[in-house]
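Chains as they are written, first to last, in this note's numbering: chain X, -9 to 105; chain U, 398 to 508.
Idealized CB from N, CA, C, for every residue including glycine.
Written out as structure tokens, the structure is:
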């Protein structure tokens, strides 16, 4: 079983709604990630947090807002999304960012549908 | 530009048979390469991690190889099982922690 927990597993939201995706890990990892995955495509990196600070933002639109309240939690706040934002959102963590031989653990993902 | 190319795009084999998936990468500066298995609708699960100094690594029926000179990796699955049906994704990482994903190979194991 994965040790990265994501909630909710499924989310349907309107284009004017504000919602959040949550991610939690208790492995003591100091790097956490958000990925977006469309059907039959590989995951695309969105954000990386290292030691609770935003390290990488892959030019993600501002309607996606990440937050890392502490070393175990990672949120993704969603506002004014578009139907094309519908996808599987994956959270992941690793002991450190960029370290060689450093396993990245993925959560099961949150399925987001924007209507 | 960092790139990872996987082949074949899809593969169908009979249960009990072996198969080999290929990955060619162009990533700089190269740190490590990982193979993941992703079941439909679930998050990817790491199978192997290989740095440039490692040639072969096994994880049960999965054996990965890496040739850092030709920038090629392969994933060999032995004695396939129905549960091996999934997407297999090759990911190359840089020292800075940037990752480049391949498009994956969809494997279907039939009884």
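Quick one: which chain X residues come within Cβ less than 9 Å of residue i?
| i | result |
| --- | --- |
| residue 500 (chain U) | 30, 31 and 32 |
| residue 443 (chain U) | 93, 94, 95 and 96 |
Below 9 Å on C-beta distance, what does residue i contact in chain U?
| i | result |
| --- | --- |
| residue 87 (chain X) | 493 and 494 |
| residue 99 (chain X) | 438, 439 and 440 |
For residue i, return the contacting residues in chain U, with the cut-off set at a CB-CB distance below 7 Å.
| i | result |
| --- | --- |
| residue 35 (chain X) | 496 |
| residue 38 (chain X) | 494 |
Using a Cβ-Cβ cut-off of 6 Å (strictly less than) and excluding sequence neighbours within five positions of residue i, which residues of its own chain qualify?
| i | result |
| --- | --- |
| residue 11 (chain X) | 66, 79 and 100 |
| residue 484 (chain U) | 435, 501 and 503 |
| residue 37 (chain X) | 24, 47 and 56 |
| residue 496 (chain U) | 488 and 490 |
| residue 60 (chain X) | none |
So who's on the other strand from residue i, going by DSSP bridges?
| i | result |
| --- | --- |
| residue 422 (chain U) | U:401 |
| residue 446 (chain U) | U:431 |
| residue 50 (chain X) | Partner(s): none; residue 50 (chain X) has no beta bridge. |
| residue 0 (chain X) | X:101 |
Considering only residues of the same chain and omitting the five flanking positions on each side of residue i, which have a CB-CB separation below 7 Å?
| i | result |
| --- | --- |
| residue -9 (chain X) | Any reading at residue -9 (chain X) is ruled out, since the residue's pLDDT is 48, under 50, leaving its predicted position unreliable. |
| residue 463 (chain U) | 430, 447, 451, 452 and 470 |
| residue 413 (chain U) | 476 and 477 |
How close, in whole Å, do the beta carbons of residue i and residue j come, if the pair is a contact with beta carbons under 8 Å?
| i | j | result |
| --- | --- | --- |
| residue 82 (chain X) | residue 95 (chain X) | 6 Å |
| residue 416 (chain U) | residue 477 (chain U) | 6 Å |
Kindly list the residues whose CB is nearer than 8 Å to the CB of residue i, restricted to its own chain and excluding five residues on each side of it in sequence; keep chain order.
| i | result |
| --- | --- |
| residue 27 (chain X) | 33, 34, 77, 78, 79, 80 and 99 |
| residue 58 (chain X) | 22, 39, 42, 43, 44, 64 and 65 |
| residue -7 (chain X) | 15, 16, 17 and 95 |
| residue 105 (chain X) | 2, 3, 4, 5 and 73 |
Along chain U, which residues have their Cβ under 8 Å away from the Cβ of residue i?
| i | result |
| --- | --- |
| residue 103 (chain X) | Result: empty, since nearest Cβ-Cβ is about 13 Å, beyond 8 Å. |
Give a yes or no on whether the minimum CB-CB distance between residue i and chain C is below 8 Å.
| i | result |
| --- | --- |
| residue 93 (chain X) | As a matter of chain content, chain C is missing from the structure shown, whose protein chains are X and U. |
The region 60 to 83 of chain X: which residues have C-beta closer than 9 Å to a C-beta of chain U, in chain order? 78, 80, 81 and 82
**Message:** For the region 460 to 485 of chain U, list every residue whose C-beta sits within 7 Å of some C-beta in chain X, in sequence order.
**Reply:** none
#### Entry: Members of the region 402 to 416 of chain U that neighbour chain X once the beta carbon cut-off is set at 7 Å
none
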